[in-house]
Amino acid sequence: MLFFSHTQFVFIFVLPYISFHERSHVMKVNGIVAEYNPFHNGHAYQMQHAKEATGADYTIIVMSGNFMQRGAPALLDKFTRAKMALECGADLVLELPTCYAASSAEFFAKGSVALFDKLGVTTNLCFGSECGNIDTLSRIAEIIYTEPEPYVESLRCNLKKGMSFPIARTWALLQYAPSLSDDKDVLSSPNNILGIEYLKALMSRNSKIVPFTTTRVGADYHDKRLGTNQCSAIAIRQSVAAGHDLTYLASQMPENAYEILRTSLEEQKPLFADDFSAALQYKLLTEYSSGYDCYQDISPDLSDRIRNMLPSFTGYTSFCDLLKSKDMTYTRISRCLFHILLNMTKEEFETCKSEDYISYARVLGFCKDAAPLLTEIKKNSSIPLITSLADARQTLPADALRMLDLDILRNQIYLGHLALKNKKEMVNEYRTPIVIV
């Protein structure tokens with residue numbers, strides 16, 4: 020049994036008698052990095068397929084908080100999305116700090132893999148990919164990670180020829196390893212790219228976690244059409260934004276996830292990037308004279324372009340359209356603008372790297388039946404497991420507390436905008452209980 024006090028956030032585990040045979044069983048734990056923005060049938064398929072294929076006893080989700088990797092606010096807040104995951108098969112949901120959740124694929128992967136590695140219980144890192152072949156993805160990841168000189172020289176020459184980085188990298192891979200010619204399109208698909216970054220991160224840590232990939236089924240990542248069963252998350256978000264009848268989404272999501280979505284949207288309007296237009300314009304204006312290249316992923320050239328285009332600012336998304344170019348996608352621009360808005364500086368990322376990325380694991384929710392998993396984490400984790408923000412302030416070391424404070428502030432920016440849009444009092448993150456299913 021597991022008893023939980025919402026007031027004090029205190030765990031007391033009373034474990035049942037375990038036979039010798041059960042004690043000798045090595046716990047298998049799947050780790051999945053996700054946004055669940057929102058949770059849909061494709062996510063449910065991945066979680067279940069990975070559990071069956073690996074024989075996992077538990078599934079831990081490391082989930083983005085209130086800001087997404089593509090540079091946008093979450094459709095639903097992190098606790099609501101954590102409840103979706105737990106109702107649909109997850110056992111424990113941990114928050115990926117915003118500095119990684121709203122960052123490039125490389126840092127997104129490094130932060131999440133570091134978290135799983137430091138828990139000390141994760142046996143498999145499971146991710147979806149368009150390729151579906153872990154050997155192919157691992158081969159590409161190894162070349163990119165080890166940077167053999169012939170590959171680096173080919174990449175350098177291709178960039179000098181004026182190729183964009185993704186194209187230059189693809190050709191350099193093919194020039195170094197012609198056997199990859201049948202897989203030349205792997206690096207053009209978003210889930211493949213992210214999967215390769217997960218594999219690189221595992222290599223960099225010399226991690227014992229075993230990677231496992233599920234072939235992505237249903238709609239393409241960027242597909243905006245609502246299909247009959249497995250559409251993309253972007254299709255669901257765009258349907259919500261357009262004010263379409265929500266009942267049509269019932270076939271696209273597990274029943275529990277759909278009911279949570281429906282209830283949430285009945286209670287309040289969701290946030291979109293344009294809801295942050297005024298805040299972004301203010302930030303850009305106040306820092307116009309100094310420029311913006313102190314922020315993560317922003318080059319001096321992009322900083323200058325932002326300054327030159329600022330008089331034409333009419334809204335967040337329209338400004339992204341103004342700034343995008345053949346070598347910078349809308350998504351990358353949007354992510355960079357959120358780096359400015361949320362004060363995500365290059366200095367902060369250097370500090371994170373020097374401190375090995377993750378200093379704590381914050382719990383968003385868990386299943387009562389996952390008590391043995393939580394016990395194992397407590398015994399094996401090299402970082403503290405946070406269930407109470409108030410307690411964390413008293414116990415975390417300075418570096419971990421600094422990261423936590425930044426994350427709380429960034430989440431409060433989200434919650435503040437959500438409150439303004441719905442003309443409600445802002446939710447206090449310190450008073451929000453974790454989800455228990």
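In our numbering, the protein residues as written are 20 to 456.
All residues carry an ideal CB built from backbone N, CA and C; glycine is no exception.
Item                                                                                                                                                           : Value
Could you check which residue in Ile-51, His-59, Leu-342 and Lys-97 has the C-alpha nearest to that of Leu-268?                                                : His-59
For Thr-117 and Phe-86, which I take to be in contact (beta-carbon distance under 8 Å), what is that distance rounded to the nearest angstrom?                 : 5 Å
Straight-line CA distance for Asp-312 to Ser-401?                                                                                                              : 35 Å
As an exercise, report each continuous alpha helix (DSSP H) stretch of at least 4 residues that is fully enclosed by the stretch 108-143, in chain order.      : 117-120 and 124-138
What distance in whole Å lies between the Cβ atoms of Asp-346 and Ser-183, which are believed to be in contact at a cut-off of 8 Å?                            : 5 Å
Per DSSP, what kind of secondary structure is Met-66 in: helix, strand or coil?                                                                                : helix
Determine the closest residue to Ala-438 out of Pro-273, Val-48, Lys-288 and Ile-163, with distance taken between C-alpha atoms.                               : Lys-288
Please report the straight-line C-alpha distance between Leu-392 and Tyr-77, rounded to a whole angstrom.                                                      : 7 Å
If we count the other Cβ atoms within 10 Å of its Cβ and call it buried at 16 or more, is Ala-261 buried or exposed?                                           : exposed
Which first and last residues belong to the alpha helix (DSSP H) in which Ala-160 is found?                                                                    : 153-165
On the DSSP bridge assignment, give the partners of Cys-145 in chain order.                                                                                    : Ile-51 and Phe-231
Can you tell me which of the three DSSP states Thr-414 falls into?                                                                                             : helix
Report, in whole angstroms, the separation of the C-beta atoms of Leu-303 and Leu-329, which I expect to be a contact under 8 Å.                               : 6 Å
Using a Cβ-Cβ cut-off of 8 Å (strictly less than) and excluding sequence neighbours within five positions of Tyr-379, which residues of its own chain qualify? : Ile-402, Pro-403, Leu-404, Ile-405, Ala-411, Leu-415, Ala-419, Met-422 and Leu-423
When we look at the beta-carbon of Val-52 and count the other beta-carbons within 10 Å, is it buried (16 or more) or exposed?                                  : buried
Is the distance from the Cβ of Pro-57 to the Cβ of Leu-290 below 8 Å?                                                                                          : no
Is the stretch 131-141 touching the stretch 149-166, taking contact as three or more C-beta pairs under 8 Å?                                                   : no
Would Ile-215 and Ile-159 qualify as a contact pair, given that the criterion is a beta-carbon distance under 8 Å?                                             : yes
If you draw a straight line from the alpha carbon of His-40 to that of Ser-200, how long is it in whole angstroms?                                             : Confidence is the limiting factor: at His-40 the pLDDT is only 37, short of 50, which leaves the residue's position unreliable, though a coordinate-based value still follows. Rounded to the nearest angstrom, the two C-alpha atoms are 49 Å apart.
Output the distance between the C-alpha atoms of Leu-408 and Ala-121, rounded to the nearest integer angstrom.                                                 : 22 Å
By how many angstroms is the C-alpha of Ile-228 removed from the C-alpha of Gly-130?                                                                           : 15 Å
Measuring straight from C-alpha to C-alpha, what distance separates Ile-212 and Leu-156?                                                                       : 9 Å
Please name the residue, chosen from Ser-322, Asn-275, Ala-276 and Thr-336, that lies closest to Ala-297 on a Cα-to-Cα basis.                                  : Thr-336
Taking the alpha helix (DSSP H) that Phe-332 falls in, what are its first and last residues?                                                                   : Note, Phe-332: premise wrong, no alpha helix (DSSP H); not H, not E.
Would you decide whether Gly-74 is buried or exposed? Buried here means 16 or more other CB atoms lie within 10 Å of its CB.                                   : exposed
Excluding sequence positions up to five away, which residues of its chain have a Cβ less than 8 Å from the Cβ of Thr-234?                                      : Gly-147, Ser-148, Glu-149, Cys-150 and Gly-151
State the Cα-Cα distance for the pair Val-45 and Leu-284, rounded to the nearest angstrom.                                                                     : 42 Å
Taking Phe-385 as part of the beta strand (DSSP E), name the residues at either end of that continuous run.                                                    : 380-385
Roughly how many whole angstroms lie between the Cα atoms of Tyr-349 and Asp-110?                                                                              : 35 Å
On the DSSP bridge list, what partners appear for Val-81?                                                                                                      : Val-52 and Leu-113
Using a 10 Å radius around the Cβ and a threshold of 16 neighbouring Cβ atoms, would you call Gly-435 buried or exposed?                                       : exposed
Candidates Ser-123, Cys-176 and Ala-133: which alpha carbon is nearest Leu-113's?                                                                              : Ala-133
Could you tell me which whole alpha helix (DSSP H) segments of length 4 or greater appear in the stretch 173-221?                                              : 184-195
Near Asn-441, what residues of its chain come up, given a Cβ to Cβ distance below 6 Å and the 5 sequence neighbours on each side ignored?                      : Gln-287 and Lys-288
Using a 10 Å radius around the Cβ and a threshold of 16 neighbouring Cβ atoms, would you call Gly-84 buried or exposed?                                        : buried
Any idea what DSSP makes of Leu-290, helix, strand or coil?                                                                                                    : coil
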